[in-house]
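Novice: In the numbering used here, the protein residues as written are 1 to 367.
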């Protein structure tokens, strides 16, 4: 029998280990290594191009071979990315490392949520998922904030030591993933791979086409995906480039980590507030979009306190919308294509980021 409390607790612990990192402020680290904002923007584009290529296949693999297995693959990819970053001495190697980080993100993005929702559904407690999604975003933001708070320490010990510590954290994370139980709540379960290896192409096409068929039948899902991705992309880019822009606006070096932590806490507040909010989705989207717009406008004020406040509000709006969107989508997705459909949502996000990342790097470098 599935012990749902242990299952969810392990997923929470895995997320903590995933998000705790000395290299969370990677934009600041690259800037300190001498890379320009356009170069950093280009590297970010490589990340999202890789994500675009592997996002949907990773979701299909999770639905075919198991979500737990793909979470382990994800962590291995992150270890490889950390090692490449340790060895990197030029922009090409940095881009290779970011490509592995992108694949790591791909293999974890849909797998964890799909495993959590199906576990809760089997336990008859799927109503808890919105709170689970909120808690996961809180973990993401809080641990990300702690990681950026350590930005000064990471710069002090050097990027090689910082990424080396990340390798150790990944090894510990694999230990937390192994005891997870693989579950499916739909009519058909995942496959162990032995019956699929001879016809993997057919299985890929079948799973992908079934997912597209679902989206065509339920057109609302794509509207939700695009709405959430647009707001999320604007917030992510804003917070990324604020890592480099706040010091240029006059913020003391010792205060940068605290400012980045403060902005991440906006997401924590947003993820908590939305659980009490009964507004319709359109209203939540409008409020989130306005919060992110204020953050973008605040970035152009040139006053670092106002810029940090704008980042805080943007993160608040983004995570509030993310929790509400995730909950609505999970209730709509069929179990047998759950990870694939979550990957399609991430695919739309990557497409938007590919266009916006280099443009944002150029625009911010001009100011």
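The C-beta atom is built at its ideal place from N, Cα and C for all residues, glycine as well.
Bear in mind the structure is a predicted one, so any value in this text is a computation, not a measurement.
Could you check if residue 302 belongs to the surroundings of the ligand SAH, using beta carbon to heavy atom distance under 7 Å?
Specialist: What this structure holds is no ligand at all, so the ligand SAH is not there to describe.
Novice: Could you tell me if residue 18 is buried or exposed, where buried requires 16 or more neighbouring beta carbons within 10 angstroms of its beta carbon?
Specialist: Numbered from its first residue, the chain shown carries residue 18 at position 18. With 16 or more other Cβ atoms within 10 Å, it is buried.
Novice: Rounded to whole angstroms, what is the Cα-Cα separation between residue 1 and residue 171?
Specialist: In the chain shown, counting from the first residue as 1, residue 1 sits at position 1. In the chain shown, counting from the first residue as 1, residue 171 sits at position 171. Near 28 Å, if we compare the C-alpha coordinates of residue 171 and residue 1.
Novice: In angstroms, rounded to a whole number, what distance separates the CA positions of residue 31 and residue 244?
Specialist: Along the chain shown, read from residue 1 onward, the residue named residue 31 stands at position 31. Along the chain shown, read from residue 1 onward, the residue named residue 244 stands at position 244. One C-alpha to the other measures close to 7 Å.
Novice: Return the residue from the list 238, 264, 293 that minimises the CA-CA distance to residue 359.
Specialist: Taking the chain shown and counting its residues from 1, one reaches residue 359 at position 359. Relative to the Cα of residue 359, the nearest Cα in the group 238, 264, 293 belongs to 238.
Novice: Would residue 169 and residue 14 qualify as a contact pair, given that the criterion is a beta-carbon distance under 8 Å?
Specialist: As a working mapping, residue 169 is identified with position 169 in the chain shown. As a working mapping, residue 14 is identified with position 14 in the chain shown. Against a cut-off of 8 Å, the Cβ pair of residue 14 and residue 169 comes out as no contact.
Novice: Note the first and the last residue of the continuous alpha helix (DSSP H) segment covering residue 369.
Specialist: An answer regarding residue 369 cannot be provided, because it is not within the stretch 1 to 367 covered by the chain.
Novice: Less than 8 Å separating the beta-carbons of residue 285 and residue 310?
Specialist: Taking the first residue of the chain shown as position 1, residue 285 is located at position 285. Taking the first residue of the chain shown as position 1, residue 310 is located at position 310. No. Outside cutoff.
Novice: Roughly how many angstroms separate the alpha carbons of residue 198 and residue 57, rounded to a whole number?
Specialist: Your numbering for residue 198 matches position 198 in the chain shown. Your numbering for residue 57 matches position 57 in the chain shown. Any reading at residue 198 is ruled out, since the residue's pLDDT is 48, under 50, leaving its predicted position unreliable.
Novice: Output the boundary residues of the alpha helix (DSSP H) element that contains residue 33.
Specialist: Mapped onto the chain shown, residue 33 falls at position 33. First-last for residue 33: undefined, no H or E at that position.
Novice: My output table needs one value for residue 48: the three-state DSSP class, helix, strand or coil.
Specialist: In the chain shown, the residue the question calls residue 48 occupies position 48. In the structure shown, residue 48 sits in a helix (DSSP, three-state: H, G or I).
Novice: Considering only residues of the same chain and omitting the five flanking positions on each side of residue 71, which have a CB-CB separation below 8 Å?
Specialist: The sequence position of residue 71 within the chain shown is 71, counting from 1. 14, 107, 108, 111, 112, 115, 177, 180, listed in sequence order.
Novice: How would you label residue 205, buried or exposed, when you count the other beta carbons within 10 angstroms and need 16 or more for buried?
Specialist: To locate residue 205, count along the chain shown from 1; it is residue 205. So residue 205 ends up on the exposed side.
Novice: Let me make sure I understand the geometry here. Which of 183, 226, 95, 86 has the alpha-carbon closest to that of residue 158?
Specialist: Reading the chain shown from its first residue, position 158 is the one you call residue 158. The shortest Cα separation from residue 158 among 183, 226, 95, 86 belongs to 86.
Novice: Considering only the alpha carbon of each residue, which of 315, 333, 26 lies closest to residue 160?
Specialist: As a first step, residue 160 is located in the chain shown; it is residue number 160 there, counting from the start. Here the closest residue by C-alpha is 26.
Novice: Is the segment 309-326 touching the segment 257-270 in the sense that three or more CB pairs, one from each, lie closer than 8 Å?
Specialist: yes
Novice: Report the rounded CA-to-CA distance for residue 349 versus residue 340, giving the unit in angstroms.
Specialist: Translated into positions along the chain shown, residue 349 becomes position 349. Translated into positions along the chain shown, residue 340 becomes position 340. Counting only the Cα atoms, residue 340 lies some 14 Å from residue 349.
Novice: Round the Cβ separation of residue 93 and residue 84 to the nearest angstrom and send it over; I've been treating them as touching at under 8 Å.
Specialist: Walking along the chain shown from the start, residue 93 turns up at place 93. Walking along the chain shown from the start, residue 84 turns up at place 84. Contact holds; Cβ gap of about 6 Å.
Novice: Take residue 123 and list the residues in its own chain whose beta-carbon comes closer than 6 Å to its own, dropping the five residues that flank it on each side.
Specialist: Position 123 of the chain shown holds residue 123. Here residue 123 has 4 as same chain residues with Cβ atoms under 6 Å from its own Cβ, once five neighbours each way along the sequence are excluded.
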